[in-house]
Amino acid sequence: MTNRHVLSFTRRRLLVGAGAGVLTGATLRYANAVVRLDITQGNVQPMPIAISEFLGGSPGDAEMAHSVSGIISNNLQRSGLFAPINPAAFIEKIVNTDTVPRFADWKVINAQALVTGRMTRQGDGRLKAEFRLWDVFSGQQLYGKQYFTAPDNWRRFAHIISDAIYEQLTGEKGYFDSRVVYVDETGPKDRRVKRLTLMDQDGANLRYLTRGDDLVLTPRFNPSTQEVTYMSYGQGDPRVFLLNIETGQREIVGNFPGMTFAPRFSPDGQRVIMSLQQGGNSNLFVMDLRSKATTRLTDTAAIDTAPSYSPDGGRICFESDRGGSQQIYVMASSGGGAQRISFGDGRYATPVWSPRGDYIAFTKQAQGRFAIGVIKSDGSGERILTEGYHNEGPTFAPNGRVVMFFRDNGQGPSLYTVDITGRNELKVPTPGLASDPAWSPLLS
Amino acid sequence: MTKTKIIRGVRFAALFAAALAVAGCANKPGEDANASMGSAATPGSQQDFVVNVGDRVFFETDQVDLTAQSRATLDKQAQWLNNYSQYTFTIEGHADERGTREYNIALGARRAQSVRDYLVSRGIAANRMRTISYGKERPVAVCNDISCWSQNRRAVTVLNASS
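Protein chains in written order, with my numbering: chain Y, 1 to 444; chain X, 445 to 607.
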């Protein structure tokens, strides 16, 4: 979608400004990355970073460019890993992104990294975004890139640039160029209207995907296309549906003899795994979306639900009360040989596998309280990230470092994020009550 | 929070009582509207079922077993449904809000199934009933304590209007 390639600033021009060789992003990488944030440590001190006001390369683009700086700053700040410096403290005013900054001016205000950029409308109507990431103390460009896209997509530039900065400075992929699908809730609690809602991970570009006529629950992204699967009430039994978020086309998944719920895509997007209710039993089934072939994966008199694939597709985690109470189990994706992995006090529910494969996030109920936690797939390393009256339904950011969930303190649900370290808990802005979030993969 | 408590059954009964009070005044002045409410429902009507038989049973936390009281209610339901065999109906299973969404959907389904199995055991034809679970999505009592949760853990026998 977005046309990306490495900036080809001319060496000569930069030499004029800097008196030193400056390399383009692709070749530089970490070789000279003096500034580097180690996020593997427990306690990360946020890195002071200066996001200079992006320039409007053509008349009328200044406001958009300014907004891009703000979005980048907001993204980095919310990650908890960066401390964007208040622009009021800036000494140098960047007027040309092709010249080297006066690093001394940025050192004085304690910036360790500096971001400069420009947005320019092209003759063909497209928008060009350029940015550079500078290491203030070594006085070097760490990275530089330019991107082209349709003007409507301008906010994505800000997210893509944020991801590039995050990756250059932490060594791990970012998660800002992503979206969240969730359930918007309106009306009194006993007659709640629920709508599937799509937004950028920062709350922008909000769009309602359903009108609220039918009760909708637990939307989940397809990892490879612009599709969500969810449960909807309507005529007859409640069913698992597929919805194309671009075309609005909707279809029922499969022709099962009973209610289907708790759907999730396989990592390749070709299959949907879900629960089928038959009598008092809930078992796991998977359906191939092309061949429509369905396969039973569990056959118990228990409630087996909330299945989630490991990122390689080889295993499935799910919750089951087959042992007497809700607990997390892991089995091969072909079914069989389920092993219980949760053994702490209380009940464990809604397991979801991290895209990195390292952790499974869950909801835990104990002593009348609801916590969000993570545990390794072998059952070790359990860690509670947040706890309170009601927290539920974790979903991982594309890089597996942040978990989003919903919290209801009794006044209705809202979305929150927390690092898998348990730090940096933040409310996610939504216009109304919000539940059942699902984070998309990176869009690019 | 208890002020915001809304119980559908009670609200319905109150409306019904208000209507009765007007009619009742002429015939039996001074009689308590609530006391006369039951007898006024047309036998065999949906109101009769809701008011005189009781359309719902309640469950303990995370339980699907029928209590003695629930079985007594369902015995009355079965008798009524045998008398008025023209009705088809839906058993709605519900959970309180103190559980996770997917589990509660399955739990509500189990509760509906418990009621279904009991009614079948009392001679009601299985083809007259269907079950549906609403999980924790449709509470009738709204507050953040046990007084509401206990009313929301329920299975409701809903007569189909068209039957």
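In this text, a Cβ means the ideal position worked out from N, Cα and C, and glycines have one as well. In this text, all values refer to a predicted model and were calculated from it rather than measured experimentally.
Whole angstroms are fine: how far does the CA of Arg555 of chain X sit from the CA of Pro267 of chain Y? 34 Å
So, for Val136 of chain Y: in the same chain, excluding its five sequence neighbours on each side, which residues have a beta-carbon less than 7 Å away from its beta-carbon? Phe103, Trp106, Lys107, Ala111, Gln112, Ala113, Leu114
Select from Y:Gly139, Y:Ala164, Y:Glu53 the residue whose C-alpha is nearest the C-alpha of Ser444 of chain Y. When Y:Gly139, Y:Ala164, Y:Glu53 are compared, the shortest CA-CA separation from Ser444 of chain Y is found for Y:Ala164.
Measuring CA to CA, which of Y:Leu142, Y:Pro59, Y:Ile85 is closest to Arg36 of chain Y? Y:Leu142
When DSSP builds the beta bridges, which residues end up paired with Lys46 of chain Y? Before going on, a small fix: residue 46 of chain Y reads as Pro here, not Lys. Paired residues: none, contrary to the question.
Once DSSP output is grouped into helix, strand and coil, what is the label at Phe405 of chain Y? strand
Is it buried or exposed for Tyr389 of chain Y, if we count other Cβ within 10 angstroms and need 16 for buried? exposed
State the Cα-Cα distance for the pair Tyr531 of chain X and Ala599 of chain X, rounded to the nearest angstrom. 18 Å
Just checking: is the beta-carbon of Ala522 of chain X within a distance shorter than 8 Å of some beta-carbon in chain Y? no
With distances taken from CA atoms, which of Y:Phe131, Y:Pro413, Y:Thr225, Y:Leu442 is nearest Val428 of chain Y? Y:Pro413
Taking the alpha helix (DSSP H) that Ile160 of chain Y falls in, what are its first and last residues? 154-170
Can you pull the chain X residues whose beta carbon is under 7 Å from the beta carbon of Gln326 of chain Y, in chain order? Correct list: Tyr547.
Counted within 10 angstroms of its Cβ, other Cβ atoms place Asn32 of chain Y as buried (16 or more) or exposed: Caution applies to Asn32 of chain Y, whose pLDDT of 47 falls short of 50 and renders its modelled position unreliable; the model cannot decide the point.
Comparing alpha-carbon positions, which option in Y:Thr417, Y:Ala302, Y:Arg401 lies nearest Thr170 of chain Y? Cα-wise, what sits closest to Thr170 of chain Y is Y:Arg401.
Name, going along the chain, the residues of the region 205-239 of chain Y whose beta-carbon falls closer than 9 Å to a beta-carbon of chain X. Hits within the stretch, in order: Leu215, Leu217, Thr218, Met231, Tyr233, Gly236, Asp237, Pro238.
So for Ala31 of chain Y, helix, strand or coil by DSSP? With a pLDDT of 42 at Ala31 of chain Y, under the threshold of 50, the modelled position of that residue is not reliable, and no figure is offered here.
From Gly468 of chain X to Thr601 of chain X, what distance separates their C-alpha atoms? Its pLDDT being 34, under 50, Gly468 of chain X is placed unreliably in this model, and the value from its coordinates should be taken loosely. Roughly 29 Å separates the two Cα atoms.
If we call anything under 8 Å between Cβ atoms a contact, is Leu411 of chain X one with Tyr562 of chain X? The question about residue 411 of chain X has no answer here: the residues shown for chain X are numbered 445 through 607.
Within 8 Å (strictly less), CB to CB, does Pro583 of chain X reach chain Y? yes
Enumerate in chain order the residues of its own chain whose CB-to-CB distance from Ile91 of chain Y is below 7 Å, with the five nearest sequence positions on each side excluded. Asp105, Val108, Ile109
Extent of the continuous beta strand (DSSP E) to which Val240 of chain Y belongs: 239-244
Using a C-beta cutoff of 8 Å, does Ala599 of chain X count as contacting chain Y? no
Can you say whether Ala88 of chain Y is buried or exposed, counting buried as having 16 or more other CB atoms within 10 angstroms of its CB? With fewer than 16 Cβ atoms within 10 Å of its Cβ, Ala88 of chain Y is classed as exposed.
Contact list for Thr544 of chain X against chain Y, beta-carbon separation under 7 Å: Ala349, Thr350, Thr363, Glu392
Could you check whether the Cβ of Val22 of chain Y sits closer than 8 Å to any Cβ belonging to chain X? Annotation note: pLDDT 33 at Val22 of chain Y (below 50); position unreliable, no value reported.
Apart from the five residues on each side of it in sequence, which residues of its chain come closer than 7 Å, Cβ to Cβ, to Leu426 of chain Y? Arg78, Tyr416, Thr417
Please confirm whether Met481 of chain X has its beta-carbon closer than 8 Å to some beta-carbon of chain Y. With a pLDDT of only 49 at Met481 of chain X, under the threshold of 50, the placement of this residue in the model should not be trusted, and no figure is reported.
Can you grab the Cα-Cα spacing for the pair Gly335 of chain Y / Tyr309 of chain Y, in whole Å? 12 Å
Neighbourhood of Ala158 of chain Y by C-beta, 6 Å cutoff - its chain only, sequence neighbours within 5 removed: Val68, Ile71, Ile72
Give the residues of chain Y in contact with Asn588 of chain X, contact being defined as C-beta atoms less than 7 Å apart. Gly410
Identify the continuous beta strand (DSSP E) that holds His538 of chain X and give its terminal residues. 533-538
Give the DSSP-derived three-state secondary structure of Gln339 of chain Y in the structure shown. Three-state result, Gln339 of chain Y: strand.
Residues near Leu76 of chain Y by beta carbon distance below 8 Å, same chain, minus five either side: Taken in chain order, the residues that qualify are Ile49, Ile51, Phe82, Pro84, Ser162, Ile165, Tyr166.
Three-state secondary structure assigned by DSSP to Tyr233 of chain Y: Shown here, Tyr233 of chain Y sits in coil according to DSSP, grouped into three states, outside any helix or strand.
Using a Cβ cut-off of 9 Å, pull out every chain Y residue sitting near Ser514 of chain X, in sequence order please. In chain order: nothing, as chain Y lies at least about 16 Å away.
Are Pro263 of chain Y and Gln278 of chain Y closer than 8 Å when you measure CB to CB? no
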